[in-house]
């Protein structure tokens, strides 16, 4: 059985053309053709093939029929975090990745972005689970709302470390998943979005929040 080159690239992140050909049982010509088709997600440096966008490669694998469980083992929440930061920056959000607060209480938000024009912020929790059950999502939503509650209570302290927080008048909690979630909202202030939907979500955010009845948490 032939090994999928994308699985190997996600696992090792950097391989030579020769290694990809040998490990997958495909000719170098076939490997080069595949790499050329994925130039946006892969980088070629001499004979090396490097992964630029692991989440996009993961989505391609899922779409091609590879088990989400298998794919989720090849990526991390940090891969999600980096992509979320990149996409939000394109929509003019001031982004903080891996927001960590240790005093007076401890909490962490994977990605925090503020739209300076509106004052709306997004607090993103990155989940690369393969199985997004309703129960699991409800629990994740509850925990994320607790983090947002701590952010609201200690906003001035958090802003001393992360100045962009001062611009946030309200915040919506977003839980980013690998596959399409069976649940869309939790506690009226949390929305569940798959990574493949994230770009559209940001582009149509006003409409999406209105249709789902999501109410941002007031930070003022």
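Numbering (the numbering used here), first residue to last: 1173 to 1392.
Cβ coordinates follow ideal geometry from the N, Cα and C atoms, glycine included.
Q | chain B within 8 Å of residue 1177, Cβ atoms only | A | Any reference to chain B falls outside this structure, which holds one protein chain only.
Q: Following the continuous alpha helix (DSSP H) through residue 1196, name the residue where it begins and the one where it ends.
A: Within the chain shown, numbered from 1, the residue matching residue 1196 stands at position 24. Taken as a continuous stretch (DSSP letters only), the alpha helix (DSSP H) holding residue 1196 covers 1189 to 1196.
Q) What distance in whole Å lies between the Cβ atoms of residue 1312 and residue 1343, which are believed to be in contact at a cut-off of 8 Å? A) Residue numbering aside, residue 1343 sits at position 171 when the chain shown is read from its first letter. Residue numbering aside, residue 1312 sits at position 140 when the chain shown is read from its first letter. Wrong, their Cβ atoms sit about 17 Å apart, outside the cutoff.
Q | Range of the contiguous alpha helix (DSSP H) that encloses residue 1366 | A | Here residue 1366 refers to the residue found at position 194 of the chain shown. The continuous stretches of alpha helix (DSSP H) do not include residue 1366, which lies in the beta strand (DSSP E) extending over residues 1362 to 1366.
**Q.** Beta-carbon proximity of residue 1174 to residue 1196, cut-off 8 Å
**A.** Residue numbering aside, residue 1174 sits at position 2 when the chain shown is read from its first letter. Residue numbering aside, residue 1196 sits at position 24 when the chain shown is read from its first letter. Against a cut-off of 8 Å, the Cβ pair of residue 1196 and residue 1174 comes out as a contact.
Q. Would you call residue 1179 buried or exposed, if buried means 16 or more other Cβ atoms sit within 10 Å of its Cβ?
A. Looking up residue 1179 in the chain shown gives position 7. In the assembly as shown, residue 1179 is a buried residue. Its beta-carbon has 16 or more other beta-carbons within 10 Å.
Q | Inter-residue Cα distance where the pair is residue 1207 and residue 1188 | A | Locating residue 1207 in the chain shown gives position 35, where the first residue counts as 1. Locating residue 1188 in the chain shown gives position 16, where the first residue counts as 1. Straight-line spacing of the CA atoms in residue 1207 and residue 1188 works out to 11 Å.
Q: Pull up the DSSP beta-bridge partners for residue 1222, would you.
A: Your numbering for residue 1222 matches position 50 in the chain shown. Residue pairing for residue 1222: DSSP places it in a beta bridge opposite 1186 and 1215.
Q.
Residues in the same chain with beta-carbon distance under 6 Å from residue 1222, minus the five sequence neighbours each way, listed in chain order, please.
A. As a first step, residue 1222 must be located in the chain shown, where it is residue number 50. Excluding the 5 residues flanking it on each side, residue 1222 has same chain C-beta neighbours closer than 6 Å at 1186 and 1215, in chain order.
**Q.** Length at least 3, wholly inside the stretch 1321 to 1385: the beta strand (DSSP E) runs in chain order
**A.** Runs of the beta strand (DSSP E) inside the stretch 1321 to 1385: 1342 to 1349 and 1362 to 1366.
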